[in-house]
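Trainee:
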Amino acid sequence: MDSRNKMLNMLLDIGEELLKNGAEVKRVEDTLERMGRAYGAVRMNVFAITSSITVTMAFADDQEVTQMRRIVNSGATDFSRVEDLNGLSRRFCEGTLAAEELQRMIGDEKKKGLSRKRLYLGSIVTAAGMCVFFGGSLADGAAAAAFALLICIMQEKLQPFCANQMIFNLICAFLTGLSIAVLARLVPFLHGDQIMIGDIMLLIPGIAMTNSIKDIMVGDTISGIMRLTESLLWASALACGFMAAVWIVGI
2 MDSRNKMLNM LLDIGEELLK NGAEVKRVED TLERMGRAYG AVRMNVFAIT SSITVTMAFA
62 DDQEVTQMRR IVNSGATDFS RVEDLNGLSR RFCEGTLAAE ELQRMIGDEK KKGLSRKRLY
122 LGSIVTAAGM CVFFGGSLAD GAAAAAFALL ICIMQEKLQP FCANQMIFNL ICAFLTGLSI
182 AVLARLVPFL HGDQIMIGDI MLLIPGIAMT NSIKDIMVGD TISGIMRLTE SLLWASALAC
242 GFMAAVWIVG I
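Numbering (this note's numbering), first residue to last: 2 to 252.
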């Protein structure tokens, strides 16, 4: 029984990491079900929503093991992490990865963080590119790239101290919008609205919103509605933060 509880705990670790890094609910449930059957369960009952996972493994000797995990969603999206976890699950289901090795590799995945260099570079390119794409000048693009660094620093230093993603989005949008508005006031040839458009793209929960619609379409209505509501609240916080900054400075 102890080994089965240990295995179920590992499955919940994988499910938690998948959800926290942007995987859709159906993928999480399917992954855990396949891994449980590969371990020897004759029936897997998996129920996942964005904030919780409950799994019951039933075995041929009439023993059942149940665990539940509360998920604190970080609001982040890291598809490279999702791909790595999917690779682990496939190897386990194929029988090429032992349970002990799986536990070690799950621990390694938990320790991994998003590469700062990739985060900063991606944010700079995205902010500058979207600013110019929506009509900004090259100077606007350069300014958007600079404020993208400010957003990255806040994501790294400020986000851990915020109660949830909505509060962080509100504070981050307000501080970024205020800085952009002040700069636009001081430098007349810069267009504050275009710079804001470029930088807001780094914070808009587009993937989460897309996944919510997908969840609803495939029948995971509860998860889809929860994720959609969450995404709309995040987007509203962004809008309120930038609007407050614009209103205060008066650009």
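Positions of the beta carbon are idealized from the N, C-alpha and C atoms, including for glycine.
Suppose the cutoff is 7 Å on Cβ atoms and the five residues either side in sequence are ignored; what does the same chain contact list for Asn22 look like?
Mentor: Around Asn22: Ala77, Thr78, Asp79, Arg82 and Val83.
Trainee: If you follow the beta strand (DSSP E) that Ser53 is part of, which residue opens it and which one closes it?
Mentor: Taken as a continuous stretch (DSSP letters only), the beta strand (DSSP E) holding Ser53 covers Ser53 to Ala59.
Trainee: Specify the secondary structure class of Val73 as computed by DSSP and reduced to three states.
Mentor: Looking at Val73 - three-state DSSP - the assignment turns out to be coil, as it is neither helix nor strand.
Trainee: Excluding five sequence neighbours on each side, which residues of the same chain lie with their C-beta closer than 8 Å to the C-beta of Ile54?
Mentor: For Ile54, where only same-chain residues beyond five positions count, the Cβ hits under 8 Å are Leu13, Gly16, Glu17, Leu20, Val29, Leu33, Val47, Phe48, Met69, Arg70 and Ile72.
Trainee: DSSP state of Val66, grouped into three classes?
Mentor: If DSSP states are grouped into helix, strand and coil, Val66 belongs with the strands.
Trainee: Please give me, in chain order, every unbroken run of the alpha helix (DSSP H) with length at least 4 that falls completely inside the segment 81 to 169.
Mentor: Whole alpha helix (DSSP H) segments, 4+ residues: 100 to 112, 117 to 134 and 139 to 158.
Trainee: Roughly how far, in whole angstroms, is the beta-carbon of Ala128 from the beta-carbon of Phe148, given that I think they are within contact range, below 8 Å?
Mentor: At roughly 7 Å, the Cβ-Cβ gap stays under 8 Å, so Ala128 and Phe148 are in contact.
Trainee: Is the separation between the beta-carbon of Leu229 and that of Met210 shorter than 9 Å?
Mentor: The answer is yes: Cβ separation under 9 Å.
Trainee: Excluding sequence positions up to five away, which residues of its chain have a Cβ less than 6 Å from the Cβ of Gly225?
Mentor: Ser213, Asp216 and Ile217, listed in sequence order.
Trainee: Can you tell me which of the three DSSP states Ile50 falls into?
Mentor: Residue state, collapsed to three classes: strand.
Trainee: Grab me the residues of Gln160's own chain with a C-beta within less than 7 Å of its C-beta, minus the 5 sequence neighbours each way, in chain order.
Mentor: Phe169.
Trainee: With H, G and I counted as helix, E and B as strand and the rest as coil, what does DSSP make of Met202?
Mentor: Met202: coil per DSSP, three-state reduction.
Trainee: Distance check for Ile196 and Thr222, CA to CA, integer angstroms please.
Mentor: Computed Cα separation, rounded: 37 Å.
Trainee: Counting only the same chain and skipping the five closest in sequence on each side, list residues whose C-beta sits under 8 Å from that of Glu110.
Mentor: Around Glu110: Glu18, Arg82, Asp85, Leu86 and Leu89.
Trainee: Between the Cα of Asn6 and those of Thr57, Lys27, Arg38 and Glu25, spot the shortest distance and give me the residue it belongs to.
Mentor: When only C-alpha atoms are compared, the closest one is Thr57.
Trainee: Give the DSSP bridge partners of Arg38, in chain order.
Mentor: In DSSP, Arg38 forms no bridge with anything.
Trainee: Just how far apart, CA to CA, sit Gly286 and Ala164?
Mentor: For the chain, the structure presents residues 2 to 252; residue 286 sits outside this window and is missing.
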